[in-house]
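Student: Encoded as structure tokens, here's the structure I'll be asking about.
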Amino acid sequence: MFQPLGFEQKSVLTSLGRMVYYTNSGVPWSDFAQAETLVFLHGFGGGSSAYEWSKVYPAFASEYKIIAPDLIGWGESEHIERNYQIEDYLTTIGEFLTQISSIPVTVVASSLTAAFIIRLAIARPELFKSLILTTPAGLADFGNDYSRSFFAQLISTPILDRILYSTGLATANGIRSFLEQRQFARPSRISEEIVDAYLESAKQPNAEYAALSFVRGDLCFDLSTYIGQLTTPTAIIWGQKSQFTGPEIGQRLAATNPQAIKVFQQLEDVGLTPQLELPAVTIGLIRRFLPLLA
Numbered sequence: 001m002f003q004p005l006g007f008e009q010k011s012v013l014t015s016l017g018r019m020v021y022y023t024n025s026g027v028p029w030s031d032f033a034q035a036e037t038l039v040f041l042h043g044f045g046g047g048s049s050a051y052e053w054s055k056v057y058p059a060f061a062s063e064y065k066i067i068a069p070d071l072i073g074w075g076e077s078e079h080i081e082r083n084y085q086i087e088d089y090l091t092t093i094g095e096f097l098t099q100i101s102s103i104p105v106t107v108v109a110s111s112l113t114a115a116f117i118i119r120l121a122i123a124r125p126e127l128f129k130s131l132i133l134t135t136p137a138g139l140a141d142f143g144n145d146y147s148r149s150f151f152a153q154l155i156s157t158p159i160l161d162r163i164l165y166s167t168g169l170a171t172a173n174g175i176r177s178f179l180e181q182r183q184f185a186r187p188s189r190i191s192e193e194i195v196d197a198y199l200e201s202a203k204q205p206n207a208e209y210a211a212l213s214f215v216r217g218d219l220c221f222d223l224s225t226y227i228g229q230l231t232t233p234t235a236i237i238w239g240q241k242s243q244f245t246g247p248e249i250g251q252r253l254a255a256t257n258p259q260a261i262k263v264f265q266q267l268e269d270v271g272l273t274p275q276l277e278l279p280a281v282t283i284g285l286i287r288r289f290l291p292l293l294a
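Residue numbers for the sequence shown follow the numbering used here, so the first one is 1 and each next one is one higher.
See the structure below:
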């Protein structure tokens, strides 16, 4: 997997297996004092992994201890043969955070994973100092349920789901098509490196289990029924051209809890993953939000 300079691969053991993460423990970052921890959590999609944040988190390596994991079922972490459920990720992310830090951390997370983090912060607020989230959506928010879409229904067909994954999702053309249609506002911003990184993750043994659980809609929920309970200081970044989860959903979610959600920043001409599409802008916003949420 792609690994930025000065970052080393480590792992912890969760109840669903080994969870790999990348941290700034090598030269030149090992010479810097790192008082606080920043955790970067990737979203879901064909071939997702910690690579998603790799253009952003090195910018903070001289000031923070950086932790960027591959979630269970993705990247180089354990790939169990199971239909993954929401509770699997709430449990394993909680176990992971407990093991990598004894004090509350700031979590930077994207899309459906960011929605999971909101639920986890409600259940276990002692784990979190603050949250910076890009497009946090449960994909069934305010009744807009992705799992009822044609593609989600199609991919729910046994046997056909494995065929569609191997021939459509886990190929270079399939990855590029997914990124163009789902994640990026401008296809010209998709580099060969991005496609290669996603493809490498998508081709890991048993990678189809987590991916199909996501694409079928097994992990969807209505975030609007939870977000009002959030107390952790939070900032939200939302790409104006996010597919299925437009900024109007984000604005409604943010308006539900203005006490916890301190900032809602919409980005024009950006899709679901500003951390890949406009990493420099994303870095600038994170730097702006960290002191506001302290």
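Ideal Cβ positions, reconstructed from N, Cα and C, are used throughout, including at glycine.
Is it the case that the Cβ atoms of S77 and A197 are separated by a distance below 8 Å?
Tutor: For S77 and A197, no; Cβs fall outside 8 Å.
Student: Assuming D141 contacts S224 (C-beta within less than 8 Å), just tell me the rounded distance between them.
Tutor: So it is a contact: roughly 5 Å between Cβ atoms.
Student: Taking buried to mean at least 16 other C-beta atoms within 10 Å of its own C-beta, is D88 buried or exposed?
Tutor: The residue in question, D88, is buried, as its Cβ has 16 or more Cβ neighbours within 10 Å.
Student: Leaving aside the five residues before and after V270 along the sequence, list all residues of the same chain whose C-beta is less than 7 Å from its C-beta, in chain order.
Tutor: Closer than 7 Å at the Cβ level, and outside the excluded window around V270, lie A185, G239, Q240, K241, E277 and L278.
Student: Helix, strand or coil for T231 per DSSP?
Tutor: Three-state result, T231: coil.
Student: Leaving out five residues on either side along the sequence, give the residues of the same chain with a beta carbon under 6 Å from the beta carbon of R295.
Tutor: Lying outside 1 to 294, the shown extent of the chain, residue 295 is not represented and no answer is given.
Student: Would you mind working out which of R287, I132, W53 and L16 sits nearest F264, comparing C-alpha positions?
Tutor: Residue I132 is the option with its Cα nearest to F264.
Student: Identify every run of the alpha helix (DSSP H) within the stretch 180 to 254, keeping only runs that are complete inside it and at least 4 residues long; order them along the chain.
Tutor: Runs found: 192 to 202 and 207 to 216.
Student: Residues bridged to K65 by DSSP?
Tutor: Partner(s): T37.
Student: Look up T106 in the DSSP assignment and say whether it is helix, strand or coil.
Tutor: Looking at T106 - three-state DSSP - the assignment turns out to be strand.
Student: Nearest to I118 by CA position, among A235, T171, D31 and N206, is which residue?
Tutor: When each option's Cα is compared against that of I118, the closest is A235.
Student: Per DSSP, what kind of secondary structure is L97 in: helix, strand or coil?
Tutor: In the structure shown, L97 sits in a helix (DSSP, three-state: H, G or I).
Student: Just tell me which of L13, S191 and W74 has its CA closest to the CA of E200.
Tutor: Per the Cα distances, W74.
Student: What whole-angstrom Cβ distance do P233 and S130 have, given they're in contact under 8 Å?
Tutor: Right, the Cβ-Cβ distance comes to about 5 Å (below 8 Å), so this counts as a contact.
Student: Is T273 closer than 8 Å to E52 when the C-beta atoms are compared?
Tutor: Cβ distance < 8 Å, so E52 and T273 count as in contact.
Student: Given a cut-off of 8 Å on the beta-carbon distance, is the pair L292 and K262 in contact?
Tutor: Going by C-beta atoms, L292 is nearer than 8 Å to K262.
Student: If you measure between the beta carbons of G17 and I80, is that distance less than 8 Å?
Tutor: The answer is yes: Cβ separation under 8 Å.
Student: Can G46 and L169 be called in contact, C-beta distance under 8 Å?
Tutor: Taking 8 Å as the Cβ cut-off, G46 and L169 qualify as a contacting pair.
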